[in-house]
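Engineer:
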Amino acid sequence: MKELLLQATIRSILAGFAFLYCSLCSVSHAGELAVSSVPERINITLKYAGEKVTLFGEAEEGALIIARLVSVGEETTKLNKKGKRGILWMNVKTLELTHVPALYIVQTSGSLAGLPRDLLIKTGSDSKYAAIRAGAQFSPEDPEKDELVNGYVRLKEKQGLYSIREDFVQTIKGRLFKSVFFMPSNAPVGTYQFDVFAIKGNAIVASGSTEVWLGKIGMENWITSFAQNHGLLYGILAVAVALVAGIGVGLVFRGGPTH
Amino acid sequence: MLFKERRVDIYLPIAGMSVNIFLILGLGGLVGFLSGLFGVGGGFLLTPLLMMIGIPPAVAAASGSNQFVASSASGAYAHKRAGNVDTKLGVVLFTGGIFGSTVGVQAVKFLRLVGDLNFAIRVAYVIVLGGVGIFMFIESLTVLTGRTVKEEKKESRIRRLAMMLPLQMDFKTSGVKISVILPFFLGFGVGFLGALMGVGGGFIMLPAMIYILGMPTLLAIGTDLFQIIITSISTTIQQAFFNHTVDVGLALLLLFGSTIGAQFGVRASRKLRAEQLRILLAGIVLAVMFMILYELMATPSELISLATEGGGH
Numbered sequence: 002m003k004e005l006l007l008q009a010t011i012r013s014i015l016a017g018f019a020f021l022y023c024s025l026c027s028v029s030h031a032g033e034l035a036v037s038s039v040p041e042r043i044n045i046t047l048k049y050a051g052e053k054v055t056l057f058g059e060a061e062e063g064a065l066i067i068a069r070l071v072s073v074g075e076e077t078t079k080l081n082k083k084g085k086r087g088i089l090w091m092n093v094k095t096l097e098l099t100h101v102p103a104l105y106i107v108q109t110s111g112s113l114a115g116l117p118r119d120l121l122i123k124t125g126s127d128s129k130y131a132a133i134r135a136g137a138q139f140s141p142e143d144p145e146k147d148e149l150v151n152g153y154v155r156l157k158e159k160q161g162l163y164s165i166r167e168d169f170v171q172t173i174k175g176r177l178f179k180s181v182f183f184m185p186s187n188a189p190v191g192t193y194q195f196d197v198f199a200i201k202g203n204a205i206v207a208s209g210s211t212e213v214w215l216g217k218i219g220m221e222n223w224i225t226s227f228a229q230n231h232g233l234l235y236g237i238l239a240v241a242v243a244l245v246a247g248i249g250v251g252l253v254f255r256g257g258p259t260h
Numbered sequence: 006m007l008f009k010e011r012r013v014d015i016y017l018p019i020a021g022m023s024v025n026i027f028l029i030l031g032l033g034g035l036v037g038f039l040s041g042l043f044g045v046g047g048g049f050l051l052t053p054l055l056m057m058i059g060i061p062p063a064v065a066a067a068s069g070s071n072q073f074v075a076s077s078a079s080g081a082y083a084h085k086r087a088g089n090v091d092t093k094l095g096v097v098l099f100t101g102g103i104f105g106s107t108v109g110v111q112a113v114k115f116l117r118l119v120g121d122l123n124f125a126i127r128v129a130y131v132i133v134l135g136g137v138g139i140f141m142f143i144e145s146l147t148v149l150t151g152r153t154v155k156e157e158k159k160e161s162r163i164r165r166l167a168m169m170l171p172l173q174m175d176f177k178t179s180g181v182k183i184s185v186i187l188p189f190f191l192g193f194g195v196g197f198l199g200a201l202m203g204v205g206g207g208f209i210m211l212p213a214m215i216y217i218l219g220m221p222t223l224l225a226i227g228t229d230l231f232q233i234i235i236t237s238i239s240t241t242i243q244q245a246f247f248n249h250t251v252d253v254g255l256a257l258l259l260l261f262g263s264t265i266g267a268q269f270g271v272r273a274s275r276k277l278r279a280e281q282l283r284i285l286l287a288g289i290v291l292a293v294m295f296m297i298l299y300e301l302m303a304t305p306s307e308l309i310s311l312a313t314e315g316g317g318h
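In order, the protein sequences belong to chains A and B.
Letter 142 of the first sequence, counting from 1, is numbered 143 in this note's numbering, and no numbers are missing.
Letter 140 of the second sequence, counting from 1, is numbered 145 in this note's numbering, and no numbers are missing.
#1: Span of the alpha helix (DSSP H) holding residue 40 of chain B?
#2: Cα-Cα, which of A/155, A/116, A/46, A/115 is closest to residue 134 of chain A?
#3: Between the C-alpha atoms of residue 22 of chain B and residue 119 of chain A, what's the straight-line distance to the nearest angstrom?
#4: Is the Cβ of residue 76 of chain B closer than 8 Å to any Cβ of chain A?
#5: Could you spell out where the beta strand (DSSP E) holding residue 14 of chain B opens and where it closes?
#6: On the CB-based measure, 16 or more other CB atoms within 10 Å of its CB, does residue 230 of chain A come out buried or exposed?
#7: So residue 91 of chain B packs on residue 224 of chain B, CB below 8 Å; how close in whole Å?
#8: For residue 305 of chain B, which residues in chain A fall below 8 Å Cβ to Cβ?
#9: Looking at chain A, is there any beta carbon in it that lies within less than 8 Å of the beta carbon of residue 236 of chain B?
#10: Closer than 6 Å by C-beta to residue 42 of chain B: which residues in its own chain qualify, once you throw out the five before and the five after it? Chain order, please.
#11: DSSP three-state call for residue 58 of chain B: helix, strand or coil?
#12: Find the nearest neighbour of residue 214 of chain A within the set A/63, A/34, A/38, A/33, judged by alpha-carbon distance.
#13: For residue 41 of chain A, collect the residues of the same chain with a Cβ closer than 8 Å to its Cβ; drop the 5 residues on either side in sequence, then sort them by chain order.
#14: Please classify residue 168 of chain A: is it buried, with 16 or more other beta-carbons within 10 angstroms of its beta-carbon, or exposed?
#15: Nearest to residue 5 of chain B by CA position, among B/97, B/284, B/288, is which residue?
#16: Could you give the DSSP three-state label for residue 42 of chain A: helix, strand or coil?
#17: Between which two residues does the alpha helix (DSSP H) harbouring residue 203 of chain A extend?
#18: Once DSSP output is grouped into helix, strand and coil, what is the label at residue 60 of chain A?
#19: How do the segment 24-36 of chain B and the segment 214-228 of chain B stand: do at least 3 beta-carbon pairs fall below 8 Å, yes or no?
#20: Since residue 220 of chain A and residue 47 of chain A are thought to touch, with beta carbons under 8 Å apart, how far apart are those beta carbons, to the nearest angstrom?
#21: Going by DSSP, name the residue or residues bridged to residue 192 of chain A.
#22: Consult DSSP for residue 273 of chain B and reduce its assignment to one of helix, strand or coil.
#23: I think residue 113 of chain A touches residue 182 of chain A, with their Cβ atoms under 8 Å apart; what is that distance to the nearest whole Å?
#24: Taking the alpha-carbon positions, what's the residue 129 of chain A to residue 157 of chain A distance?
#25: Does residue 84 of chain A come out as helix, strand or coil in the three-state DSSP assignment?
#26: What do you get for residue 132 of chain B, buried or exposed, if any count of 16 or more other CB atoms within 10 angstroms of its CB means buried?
#27: Residue 246 of chain A CB to nearest chain B CB: under 8 Å?
#28: Assign residue 63 of chain A to one of two classes, buried (16 or more other C-beta atoms within 10 Å of its C-beta) or exposed (fewer than that).
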């Protein structure tokens, strides 16, 4: 924990320098926001149960911070839509949804109410996920696109993969800010990007971004690639392990379970 | 507190999510307890329970098959040594079983493409659980009320029909002479359902062997275990090869839970009569069936669902 705090402090100082440098060199256009995350790499190991990622940065005093964590690269998802056939509910439609992120979490330092709509859309922070809606593509095309996207967003919110939370960015000593994002265990492996905006007077005064990598390492990585690339061998080994374990545990209990 | 919570979680690479170790051990324990208590595998309960905690349906079914390999291994070994296995009949049953599970795995593959595996699994559950539950309920009720004469007449009628089929064979160990076609298709049906539903099929196979094939109970149990272990091995390997949905970690956790649960189940079973046990099992089977049927018939709260696929993203 101490180590983490120290790291964070160092990063914040560096971020401060970066910000100072940027504010000196850029006058007319929106400035660069120095941001950094701890950790920058998340390793999925046997004990992985999701991970906290802390975003640090420094912005103009009094600015509203909008920070968004989004998965890089699109996810292909298959969606089912249920309908009633006779007396039973069953899936009547299956569509492929592309050009949507697997994870989309927005956290802000204050209320978004009162911000102009185009600014909300620009920063991807409107409560109806306009950014997702605009990009989403269905195959085959479907007249019920809006309803389907709504359903998709609800599912993602339930899984903790999509959210928009106000007042989740803390300001420390006026200029420094930090925000804790939670990466749920079901978030797919890959690269994630933080996009951070500082808002003042209904305009973006500075923005910045940084990346976080999520991947399986060690045994978890080995098992996954083994199962994918050598399915037959994996199956045979799974059976062998099960046989040994079954007979072994049975011997321990003398006779094993009666079937 | 958060640190403590994280220590009991384990990440399942194939399912692509983390689960609480004790929850999985507990589920295995419950299923094992029931299997020890009733003398049949608890597979019909395992897949729906795993799906309930968020394991993708395909991974739940495939890892369940892997678990049955382990849980039936020790039992089959013991029965083989005690001479309770009719190898000849077992070979016919598992030949049918391998064909059945091959078709079953392809059906799972096809249904996953079409997108409605969930529906197919649920409908299969309702039909099979409903049929077996009602049959067992009536059978054990007749035994409990002492009207057994009528039952015997019914059995012989089915067997007489089996005797009329071609390819008659003498199964000496079991002391029955029937057409090979009957046990073959019995094995086929159970293998198919096993692949589709992730069940060992003991609760269909056992009554069928006793009532339809006319085998002695102990031999039926031994031969059934022998057949289940072979069928589960075939299903596991094929699921791993075609669908990449076998999570060994999940299967092992379930195994340890179920082995311990089974010991308590066996102890509890000694305190009850066979008919009482069967009627209790029939009650549980029917309860699960009604629960799934309700889900199929009640208006869902969410019409849109993810067609979740196992084996990474």
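Positions of the beta carbon are idealized from the N, C-alpha and C atoms, including for glycine.
Structural biologist: On the basis of the supplied data:
#1: Here the alpha helix (DSSP H) through residue 40 of chain B covers 26-43.
#2: Residue A/155 holds the alpha-carbon nearest to the alpha-carbon of residue 134 of chain A among A/155, A/116, A/46, A/115.
#3: Take the alpha-carbon of residue 22 of chain B and the one of residue 119 of chain A: they are about 37 Å apart.
#4: Taking Cβ atoms only, chain A reaches closer than 8 Å to residue 76 of chain B, which makes this a yes.
#5: For residue 14 of chain B, the enclosing beta strand (DSSP E) has its first and last residue at 14-17.
#6: By the Cβ neighbour-count rule, residue 230 of chain A is exposed, with fewer than 16 other Cβ atoms within 10 Å of its own.
#7: Indeed they touch by this definition, with Cβ atoms about 6 Å apart.
#8: Within chain A, the residues whose beta carbon sits less than 8 Å from that of residue 305 of chain B are 83, 90, listed in sequence order.
#9: It does not: the Cβ of residue 236 of chain B has no partner Cβ on chain A nearer than 8 Å.
#10: Within the same chain, and ignoring the five residues on either side of residue 42 of chain B in sequence, the residues whose Cβ sits closer than 6 Å to its Cβ are 270, 273, 274.
#11: Residue state, collapsed to three classes: coil.
#12: Comparing Cα-Cα distances from residue 214 of chain A to each of A/63, A/34, A/38, A/33, the minimum goes to A/38.
#13: 211, 212, 213, 214.
#14: Classification for residue 168 of chain A: exposed.
#15: Summary: the structure shown does not reach residue 5 of chain B, with chain B confined to residues 6 through 318, and so no result is reported for it.
#16: Three-state DSSP puts residue 42 of chain A in a strand.
#17: Counting along the chain, residue 203 of chain A falls outside any alpha helix (DSSP H), and DSSP gives it neither H nor E.
#18: The answer is coil: DSSP assigns residue 60 of chain A none of H, G, I, E or B.
#19: At 8 Å Cβ cutoff, the stretches do not touch.
#20: 6 Å between Cβ atoms; contact.
#21: Within the DSSP bridge table, the entry for residue 192 of chain A names A/214 as partners.
#22: In the structure shown, residue 273 of chain B adopts helical secondary structure according to DSSP, grouped into three states.
#23: About 17 Å separates the beta carbon of residue 113 of chain A from that of residue 182 of chain A, a gap too long to meet the 8 Å contact definition.
#24: Computed Cα separation, rounded: 13 Å.
#25: Residue state for residue 84 of chain A is assigned as strand, using DSSP reduced to three classes.
#26: Exposed, since its Cβ has fewer than 16 Cβ neighbours within 10 Å.
#27: Taking CB atoms only, residue 246 of chain A has a neighbour in chain B less than 8 Å away.
#28: Classification of residue 63 of chain A: exposed, given that the 10 Å Cβ count is below 16.
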